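The opening residue of the sequence shown carries number 1065 in our numbering; numbering runs sequentially from there. We treat Cβ as the ideally placed atom computed from N, Cα and C, and that holds for glycine. Values in this document were obtained by computation on a predicted structure and should not be read as measured data.
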Amino acid sequence: MTTPTRTAVDRRAGATRAPGTALRRGALYATLVALALVFLTPLVWMVITSLKTYTGAQQIPPTWLPDPVSGYGYEQIVNNSANPVLRWFLNSMLAATLHALLVLVTAAMAAYALARMRFRGRGVSFALIVGTLFIPPTSLIIPNFLIVDTLDWIDTLTVVIVPGAASAFGVFFLRQFFLSLPRELEEAAVLDGANQWQIFVRVVLPLSKPALATLAVLSFLTNWNDFLWPIFVLFSPEMLTLPPGLGLLQGAYVTDYPVIMAGAVLASVPVLILFVFAQRHIIQGVSRSGLKG
C-alpha cells in the first residue's frame, strides 16, 4: 500500500478549502467595492455638478451627466473679485504647510525628550500633555482669541498658523513611534562620539520618516479643513482661508451649486494629491506607532 506524498495531501486540502476561501474572498471584494462606491459617489457628484450650468444644476429630477458640459462654475471662481477664491486657496496652502512644519518641529523635539531622556516629572508631563486631548477645542476659543489679540495677530495668517502648533496628539503619536526604535542604534552613536542633539537629528529623525510624514499629513488636513477658528480671527476678504471663504459663496436667497461645487473641487484637489503620495507612509507610521485598529 503506497503512502500519499505530501504534495498530494496538500493538493487535496487546498481543493477542499478552495470553495470556502473563494467565497470569503468574493464577499470581501464585494464589501470593499460597496464601501468604495459609498465614499466615491459624493466626490463624483461634486465634480459632475461643478461642470453643469446654473439651470442644469437646478433640474428636478437631477441628472448624472452634465448637458451641456460647462465651465461656468470655474469661470465665476476665477473672475469673481468680490470673493477671491484663488487668494483663499493660496492662503490655505501657505497656512496649512507652515502649520504642519511647526507641528513637526515642536512635536518631534518634545516627543524625543519624553521617550528617551530621563528627567524628573517626565511621566507627569506626558500625562498632562495627553490630558489636554480631552479638553473640547471650542472651550479654548475665547482664551486663545484674547491671547492672539494681545499679540496683534488678528486678521493675519499668523493667527491660523501658530496657535495650534503645539500639538498634544503629535507629541503622543511621535513618542509612541520613538519608543519602538531600537536603543542599540543610539548607543552605537554615543560610542562614536555623538551628542544628544546629533543622535536626534542624524539617527532618530531619518528612521522616523513614516511617522513624520503621517503627522505632517494629519496636521495639514486639520489646518486645511479648519472652519470655526478662522471665522473668529479673520475678517478681511483677502485674508480668509478656503473653508470660511467658501461659505460666502452661498447666497442669501439663491444657491449657485456649480460655483459652490467648483470651490469644493478646488479645495479637494490638494488633499487627494497629498493622500495619493503619502498613503504608504501613513500606513507604516500608524502601524509602527501602536495606533492600530
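Report yes if the C-beta distance between residue 1191 and residue 1238 is below 7 Å; otherwise report no. Taking the first residue of the sequence shown as 1, we reach residue 1191 at position 127. Taking the first residue of the sequence shown as 1, we reach residue 1238 at position 174. No; because the gap between Cβ atoms is not below 7 Å, this pair is not in contact.
Buried or exposed (CB count within 10 angstroms, at least 16 for buried), residue 1124: Numbered from its first residue, the sequence shown carries residue 1124 at position 60. Exposed, because fewer than 16 other Cβ atoms sit within 10 Å of the Cβ of residue 1124.
Distance, residue 1173 Cα to residue 1284 Cα: The residue given as residue 1284 occupies position 220 in the sequence shown. The residue given as residue 1173 occupies position 109 in the sequence shown. Taking the straight line joining both Cα atoms gives about 19 Å.
Tell me the DSSP secondary structure of residue 1114 in three-state form. The residue you call residue 1114 lines up with position 50 of the sequence shown. Helix at residue 1114.
Grab me the residues of residue 1134's own chain with a C-beta within less than 8 Å of its C-beta, minus the 5 sequence neighbours each way, in chain order. Within the sequence shown, residue 1134 is the residue found at index 70, counting from 1. The answer, listed in chain order, is 1115, 1116, 1117, 1120 and 1322.
Taking the beta carbon of residue 1109 as the centre, do at least 16 other beta carbons fall within 10 Å, making it buried, or is it exposed? The residue labelled residue 1109 in the question sits at position 45 within the sequence shown. Exposed is the call here.
Please identify the residue among 1341, 1299, 1254 and 1292 whose C-alpha is closest to the C-alpha of residue 1219. For the purposes of this step, residue 1219 is identified with residue 155 of the sequence shown, where counting begins at 1. Of 1341, 1299, 1254 and 1292, the residue nearest in Cα terms is 1299.
To the nearest angstrom, how far is the alpha carbon of residue 1267 from that of residue 1211? Here residue 1267 refers to the residue found at position 203 of the sequence shown. Here residue 1211 refers to the residue found at position 147 of the sequence shown. Roughly 37 Å between the two C-alpha positions.
Per-residue burial, residue 1259 [other beta carbons within 10 Å of its own, 16 or more giving buried]: Numbered from its first residue, the sequence shown carries residue 1259 at position 195. It counts as exposed.
Given that a residue counts as buried once 16 or more other Cβ atoms are within 10 Å of its Cβ, and exposed if not, what is residue 1381? No information on residue 1381 is available, as it lies outside the stretch 1065 to 1357 that the chain covers here.
For residue 1304, which residues in the same chain have their Cβ closer than 6 Å to its Cβ, ignoring the five residues on either side in sequence? Locating residue 1304 in the sequence shown gives position 240, counting from the first residue. Excluding residues within five positions, the ones whose Cβ falls inside 6 Å are 1152 and 1298.
Please report the distance separating the alpha-carbon of residue 1247 from that of residue 1180. Along the sequence shown, one-based indexing puts residue 1247 at 183. Along the sequence shown, one-based indexing puts residue 1180 at 116. The straight-line gap from Cα to Cα measures roughly 9 Å.
Is it buried or exposed for residue 1265, if we count other Cβ within 10 angstroms and need 16 for buried? Here residue 1265 refers to the residue found at position 201 when the sequence shown is read from its first residue. Residue 1265 is exposed by the Cβ-count criterion.
Quick check on DSSP: helix, strand or coil for residue 1313? Residue 1313 sits at position 249 when you count from the first residue of the sequence shown. Residue 1313: coil per DSSP, three-state reduction.
Taking the C-alpha atoms as reference points, what is the distance between residue 1273 and residue 1256? One-based indexing of the sequence shown puts residue 1273 at position 209. One-based indexing of the sequence shown puts residue 1256 at position 192. So the alpha carbons of these two residues sit roughly 23 Å apart.
Residue 1213 - containing alpha helix (DSSP H), residue span: In the sequence shown, residue 1213 corresponds to position 149, counting from 1. First-last of the alpha helix (DSSP H) with residue 1213: 1205 to 1214.
Since residue 1146 and residue 1280 are thought to touch, with beta carbons under 8 Å apart, how far apart are those beta carbons, to the nearest angstrom? Locating residue 1146 in the sequence shown gives position 82, counting from the first residue. Locating residue 1280 in the sequence shown gives position 216, counting from the first residue. No, residue 1146 and residue 1280 are not in contact; Cβ-Cβ is about 34 Å, not under 8 Å.
Where residue 1139 and residue 1127 are concerned, what is the direct C-alpha to C-alpha distance, given to the nearest angstrom? Position 75 of the sequence shown, counted from the start, is the residue given in the question as residue 1139. Position 63 of the sequence shown, counted from the start, is the residue given in the question as residue 1127. Answer to the nearest angstrom: the Cα atoms are 22 Å apart.
Under 8 Å by Cβ, that's how I've got residue 1313 and residue 1331 pegged, so tell me the actual separation to the nearest angstrom. Taking the sequence shown and counting its residues from 1, the one referred to as residue 1313 is at position 249. Taking the sequence shown and counting its residues from 1, the one referred to as residue 1331 is at position 267. About 11 Å; that fails the 8 Å criterion.
Apply the 10 Å Cβ neighbour rule to residue 1141 and answer buried if 16 or more other Cβ atoms are within range, or exposed otherwise. Within the sequence shown, numbered from 1, the residue matching residue 1141 stands at position 77. Classification of residue 1141: buried, given that the 10 Å Cβ count is 16 or more.
For residue 1129 and residue 1111, I'd like the C-alpha separation in whole angstroms. Here the question's residue 1129 lines up with position 65 in the sequence shown. Here the question's residue 1111 lines up with position 47 in the sequence shown. Whole-angstrom Cα-Cα distance: 10 Å.
Spatial distance of residue 1154 from residue 1113 (CA atoms): The residue given as residue 1154 occupies position 90 in the sequence shown. The residue given as residue 1113 occupies position 49 in the sequence shown. Distance between the alpha carbons of residue 1154 and residue 1113: 24 Å.
What are the complete alpha helix (DSSP H) segments, minimum 4 residues, inside the segment 1263 to 1339? 1273 to 1288, 1292 to 1297 and 1306 to 1311
Helix, strand or coil: which one does DSSP assign to residue 1105? As a first step, residue 1105 must be located in the sequence shown, where it is residue number 41. Reduced to three states, the DSSP call for residue 1105 is helix.
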